[in-house]
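Engineer: Provided herewith is a single structure, encoded as structure tokens, for subsequent inquiry.
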Amino acid sequence: LANKKTVIKTDLAGQTLVTLRTLTEENPAALATYEKLGGYAQLKRLVTEQVKAPEIISQVKVSNLRGRGGAGFPTGLKWSFMPRYYDGTKYLVCNTDEGEPGTFKDRDIIRYNPHQLIEGMAIAAYTLGARVGYNYIHGEIWQDYEIFETALAEAREAGYLGENLFGTNFSFDLYAVHGYGAYICGEETALIESIEGKKGQPRFKPPFPASYGVFGKPTNVNNTESYTSIPWIMEHGGQAFADLGVPNSGGSKLFSVSGHVEKPGNYEIRMGTPFKDLLAMAGGIWKGRQLKAVIPGGPSTAVMPASAIENATMDYDGLSKAGSSLGAGSMIVMDDTTCMVKTLKRLSYFFYEESCGQCTPCREGTGWVYRIIERIVNGKGKMEDLDLLTDLSNNISGRTICALGDAAATPVLSFIKHFRPEFEYYIQHGKSMVDGK
Ligand code: L3W
Ligand code: SF4
992 LANKKTVIKT DLAGQTLVTL RTLTEENPAA LATYEKLGGY AQLKRLVTEQ
1042 VKAPEIISQV KVSNLRGRGG AGFPTGLKWS FMPRYYDGTK YLVCNTDEGE
1092 PGTFKDRDII RYNPHQLIEG MAIAAYTLGA RVGYNYIHGE IWQDYEIFET
1142 ALAEAREAGY LGENLFGTNF SFDLYAVHGY GAYICGEETA LIESIEGKKG
1192 QPRFKPPFPA SYGVFGKPTN VNNTESYTSI PWIMEHGGQA FADLGVPNSG
1242 GSKLFSVSGH VEKPGNYEIR MGTPFKDLLA MAGGIWKGRQ LKAVIPGGPS
1292 TAVMPASAIE NATMDYDGLS KAGSSLGAGS MIVMDDTTCM VKTLKRLSYF
1342 FYEESCGQCT PCREGTGWVY RIIERIVNGK GKMEDLDLLT DLSNNISGRT
1392 ICALGDAAAT PVLSFIKHFR PEFEYYIQHG KSMVDGK
């Protein structure tokens, strides 16, 4: 790794680096770099001083860290669901299966700061009594998977993973699992099925993974960014992490900014940062054009017209008050040349393609929705299609095993709600109001 040439961003102005704190160094992914910045010191301290689990969980609760995979579930609360006294193996799972359009933050963590993730997972394993862990990495990313495997080997060699760590009776083995590139495997129970060697299809919940996870054993599943925040919280205290953000949204957070901006990329900023500041960091709207709309947290979060997001803040409550949600922080920016009808066609195809097919409303509904939008784009739409799309989406949402059904409905409902005249124009004229094609 030390010899591996990595491309790093040099302009980190305005960012508060927690999960990507090695980015300022020349070899960010190397073990020596992480150790130089105090890496693995928290794991060693907690294990050798035998700090009790409730004390650690209480710091995580105070930190206001909320799950970074999209649902925003409080991490400390989730950790408290794991049974403390259990006569058998408990598991730890990290979800690095980011696959939704516009999501690309977790791969940067394993690319630039894999050891902080490993330390965060080892601290979680110590706290929750997990003996074995898996990091499930999206099947379409190869180089980052290899970087993580190298980091695992370094950590084992240095005595941070394995048997009887630091001479205590705490043992933790961590493995990387290379996924298959299916979006649905990012759903935690589909991911668990996939780890078990089965087809990646979601299970009914409850039971939640905390009681019935990998191989039917208690399992804690968190996102990559969530685990990677843990060493910082242990070093500085839960309150310091909470203070980086705003009430109800602790810490700083990675935002993956893509679309029509001058400098797309990941930006780690404090929760509660105004949208305008994040947009400015990303260089503003490209080519001097105007902002038209933003999908703030990934396509499963509602699209927002410029007027709704312009004065919003980037945190759970801020975006929810403005009419959408934070999701995984995957912000897709669209300029005034964007045709919303064609954009919706692309997004709908994604959900149709990625549906696992178990539930009738999702399997049939996503395809039906896609075909209607395709028909509109091909100039054969009917005005009643808009009500049909709304009706169909409302009948997918809330009637399926997993959240993909709701996720597929969200863009359709929000695009039609905010940009209905564009859809009506397309149906009436057989071409786009925006690009005339
Ligand atoms: C025990 C209870 N555990 C809840 C746990 C549950 C899970 C977590 C949150 O979906 C969302 C989805 C995407 N006892 C529990 C309990 N839990 N109650 O808490 O659960 P849930 O069901 O709210 O969320 P989820 O199934 O994890 C995640 C949305 O995120 N999303 C997705 C982005 C895409 C990516 C990607 O490509 N990687 O992240 C963006 O918004 O639509 O709604 O752990 O077990 N009583
Ligand atoms: Fe599969 Fe869709 Fe049902 Fe989720 S909602 S289990 S993706 S068919």
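Sequential numbering of the sequence shown, starting at 992, is according to this note's numbering. Note that the Cβ used here is the ideal one computed from N, Cα and C, for glycine as well.
Counting Cβ pairs, one atom from each stretch, are 3 or more of them under 8 Å apart for the segment 1324-1344 and the segment 1273-1286?
Structural biologist: They touch, by the three-pair rule.
Engineer: With distances taken Cα to Cα, identify the nearest neighbour of L1317 among S1054, I1047, L1008 and A1062.
Structural biologist: Checked all of S1054, I1047, L1008 and A1062; the closest Cα to L1317 is A1062.
Engineer: Buried or exposed for Y1136, please, with buried defined as at least 16 other CB atoms from any protein chain shown within 10 angstroms of its CB.
Structural biologist: Under this definition Y1136 is a buried residue.
Engineer: Under 7 Å from any heavy atom of the ligand SF4, does the C-beta of T1391 make it?
Structural biologist: Correct: T1391 has its Cβ closer than 7 Å to the ligand SF4.
Engineer: Tell me C1085's beta-bridge partners as DSSP assigns them.
Structural biologist: DSSP lists N1126 and N1213 as partners of C1085.
Engineer: In chain order, which continuous runs of the beta strand (DSSP E) of length 3 or greater are located wholly inside the segment 1318-1402?
Structural biologist: Here the runs fully enclosed are 1321-1326.
Engineer: Which residue wins for smallest C-alpha separation from V1123, given the options G1130, Y1151 and S1162?
Structural biologist: With distances taken between Cα atoms, V1123 lies closest to S1162.
Engineer: Look at S1054 and I1224 and say whether their C-beta atoms are less than 8 Å apart.
Structural biologist: Cβ distance < 8 Å, so S1054 and I1224 count as in contact.
Engineer: Taking 7 Å as the cut-off, is the C-beta of Q1134 nearer than that to any heavy atom in the ligand SF4?
Structural biologist: False, no ligand heavy atom lies under 7 Å from that Cβ.
Engineer: In the DSSP assignment, what are the bridge partners of R1057?
Structural biologist: Note: R1057 sits in a beta bridge opposite P1065.
Engineer: What number of angstroms, rounded off, separates the C-alpha of N1213 from the C-alpha of R1075?
Structural biologist: Roughly 18 Å between the two C-alpha positions.
Engineer: Say the cut is 7 Å; is the CB of P1209 nearer than that to a heavy atom of the ligand L3W?
Structural biologist: No, Cβ of P1209 sits at least 7 Å from all heavy atoms of the ligand L3W.
Engineer: Quick one: using the 10 Å Cβ neighbour count with 16 as the cut-off for buried, is E1046 buried or exposed?
Structural biologist: When all chains shown are included, E1046 counts as exposed.
Engineer: Give the secondary structure of R932 by DSSP, where H, G and I count as helix, E and B as strand, and everything else as coil.
Structural biologist: In the structure as shown, the chain starts at 992 and stops at 1428, and residue 932 therefore has no counterpart that could be examined.
Engineer: Is DSSP giving K1019 helix, strand or coil here?
Structural biologist: The residue you asked about is not Lys; residue 1019 is Pro in the sequence shown. Looking at P1019 - three-state DSSP - the assignment turns out to be coil, as it is neither helix nor strand.
Engineer: Restricting to Cα atoms, I'd like to know which of D1099, K1408 and K1190 is closest to L1380.
Structural biologist: Checking every option, the nearest Cα to that of L1380 belongs to K1408.
Engineer: Could you compute how far the alpha carbon of L1395 sits from the alpha carbon of R1354?
Structural biologist: In a straight line, the C-alpha of L1395 is about 10 Å away from that of R1354.
Engineer: Would you mind listing the alpha helix (DSSP H) stretches within the segment 1109-1195 that are 4+ residues and don't spill past its ends, in chain order?
Structural biologist: DSSP runs (the alpha helix (DSSP H)) wholly in the segment 1109-1195: 1134-1148 and 1179-1186.
Engineer: Under 7 Å from any heavy atom of the ligand SF4, does the C-beta of C1350 make it?
Structural biologist: Checking every heavy atom of the ligand SF4 against the Cβ of C1350, one is found closer than 7 Å.
Engineer: Provide the residue span of the beta strand (DSSP E) that contains S1247, from first to last.
Structural biologist: Where S1247 is concerned, the enclosing beta strand (DSSP E) stretches over S1243 to G1250.
Engineer: How about L1056 and F1232: are their beta carbons less than 8 Å apart?
Structural biologist: For L1056 and F1232, yes; Cβs fall inside 8 Å.
Engineer: At the level of alpha carbons, what is the spacing between G1469 and V1042?
Structural biologist: As displayed, the chain neither begins before 992 nor continues past 1428, which places residue 1469 out of reach and without an answer.
Engineer: Give a yes or no on contact between the segment 1101-1112 and the segment 1214-1223, applying the rule of three or more CB pairs nearer than 8 Å.
Structural biologist: Taking 8 Å as the limit for Cβ pairs, the verdict is that the segment 1214-1223 does touch the segment 1101-1112.
Engineer: Taking L1034 as the reference, which of I1183, K1371 and A1116 has the closest Cα?
Structural biologist: Closest by alpha carbon: A1116.
Engineer: Would you list the residues sitting across from M1295 in a DSSP beta bridge?
Structural biologist: Note: M1295 sits in a beta bridge opposite V1285.
Engineer: Is it the case that the CB of K1196 approaches a heavy atom of the ligand L3W more closely than 7 Å?
Structural biologist: Yes; taking the cut-off as 7 Å, the Cβ of K1196 has a heavy atom of the ligand L3W nearer than that.
Engineer: Let me know the secondary structure DSSP gives G1207 once reduced to three states.
Structural biologist: Helix, per DSSP.
Engineer: According to DSSP, is V1237 part of a helix, a strand, or is it coil?
Structural biologist: Three-state DSSP puts V1237 in a strand.
Engineer: In whole angstroms, what separates the C-alpha of A1146 from that of G1242?
Structural biologist: C-alpha separation (whole angstroms): 26 Å.
Engineer: Give me the Cα-Cα distance between M1059 and T1087, rounded to the nearest whole angstrom.
Structural biologist: According to the sequence as given, residue 1059 is Arg; it is not Met. Answer to the nearest angstrom: the Cα atoms are 11 Å apart.
Engineer: Which of the three DSSP states is assigned to Y1307 in this structure?
Structural biologist: If DSSP states are grouped into helix, strand and coil, Y1307 belongs with the helices.
Engineer: Does the ligand SF4 have even one heavy atom less than 7 Å from the beta-carbon of S1291?
Structural biologist: S1291 Cβ: outside cutoff for every heavy atom of the ligand SF4.
Engineer: Anyone know if the C-beta pair for E1184 and F1206 falls short of 8 Å?
Structural biologist: Not a contact, by the Cβ cut-off of 8 Å.
Engineer: From E1017 to I1100, what distance separates their C-alpha atoms?
Structural biologist: E1017 and I1100: Cα-Cα distance of roughly 15 Å.
Engineer: Taking C-beta to C-beta, are Y1082 and G1256 nearer than 8 Å?
Structural biologist: No, the Cβ-Cβ distance between Y1082 and G1256 is not below 8 Å.
Engineer: For R1012, count neighbouring C-beta atoms within 10 Å of its own C-beta (all shown protein chains included) and say buried if the count is 16 or more, exposed if not.
Structural biologist: Looking at its Cβ environment, which holds 16 or more other Cβ atoms inside 10 Å, R1012 is buried.
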